[in-house]
Amino acid sequence: MLELLIVIAILAILGAIVIFLLNPAETLKKARDSQRISDLSTIKTALGIYLTSVSSPVIDAYGSCASNVWYSLNGVTDTSVAGSEAATSTATAAELGEVDGTGWIPVNLSSLVGGSPISSFPIDPSNTITSLSAIANTDLVYRYTCSSTPMGFEIDAALESDAFTSTDDKRAKDGGN
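The numbering of the sequence shown is the numbering used here, which starts it at 19 and goes up by one.
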């Protein structure tokens, strides 16, 4: 009987050590961050194909590439960026990933010869923001903005895992702003 208690105690201690070392919460954060990095790469590739394939690309809803920031949320565009025009995104929850210009990124990828390179624009795995008035830089939501001179775009996401924000800081090594 005593031997059984000792074995159970040792197994409990080993189990606690394994759980502590694996840190399931950090593992889930790292998995979501890996998905974010993959999603942004997919968006970058799709928009790059669009920019190189269309003679007069329209990479925002207005054709002027105003200084707006679009979020992977339904029905919101941030017009508080300096020099931005009044704007509102009309993407509903059902349209959020659409690639025909009605999704959260206002670019019509379906106008490409051969069709869109992706079936839908991805959204953040957490997408925790529900209101534009509550958005902060650390919120888990994708962001898109563009410029007309030179023609280009930027896509951003906040990362949440320690592995990607301190140890291997992907924010500083992504090649962007």
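Idealized CB from N, CA, C, for every residue including glycine.
If you reduce the DSSP assignment to three classes, tell me which class residue i lands in.
i, result
"F139", "coil"
"E44", "helix"
"G115", "coil"
"S82", "coil"
"I173", "strand"
"V87", "strand"
"Y162", "strand"
What distance in whole Å lies between the Cβ atoms of residue j and residue i, which are believed to be in contact at a cut-off of 8 Å?
i, j, result
"N145", "S90", "6 Å"
"L23", "A175", "About 50 Å separates the two Cβ atoms, so there is no contact after all."
"G9", "F139", "Only positions 19 to 195 of the chain appear in the structure, and residue 9 is not among them; the question remains open."
"K48", "S179", "4 Å"
"E113", "G119", "In fact, because the Cβ distance is near 10 Å, the residues do not count as touching under 8 Å."
Quick check on residue i: buried or exposed, where buried means 16 or more other Cβ atoms within 10 Å of its Cβ?
i, result
"S184", "exposed"
"Y68", "buried"
"T70", "exposed"
"N41", "exposed"
Let me check understanding here. Comparing Cα to Cα, which of the options lies closest to residue i?
i, options, result
"T198", "L39, D142, S74, P124", "Past the boundaries of the shown model lies residue 198; the chain is included only from 19 to 195, so the question cannot be answered."
"P168", "A27, S56, I77", "I77"
"Y80", "A64, S166, F182, L177", "S166"
"I55", "I123, V159, T163", "V159"
"P124", "N86, L29, R50", "N86"
"G66", "E172, L177, D51, S179", "E172"
Taking 6 Å as the cut-off, is the CB of residue i close to at least one heavy atom of the ligand MN?
i, result
"A30", "Questions concerning the ligand MN fall outside what the structure shown contains, since it holds no ligand whatsoever."
The segment 119-136 in contact with the segment 25-37 per 3-pair CB rule at 8 Å: Output reads no: the segment 25-37 does not touch the segment 119-136.
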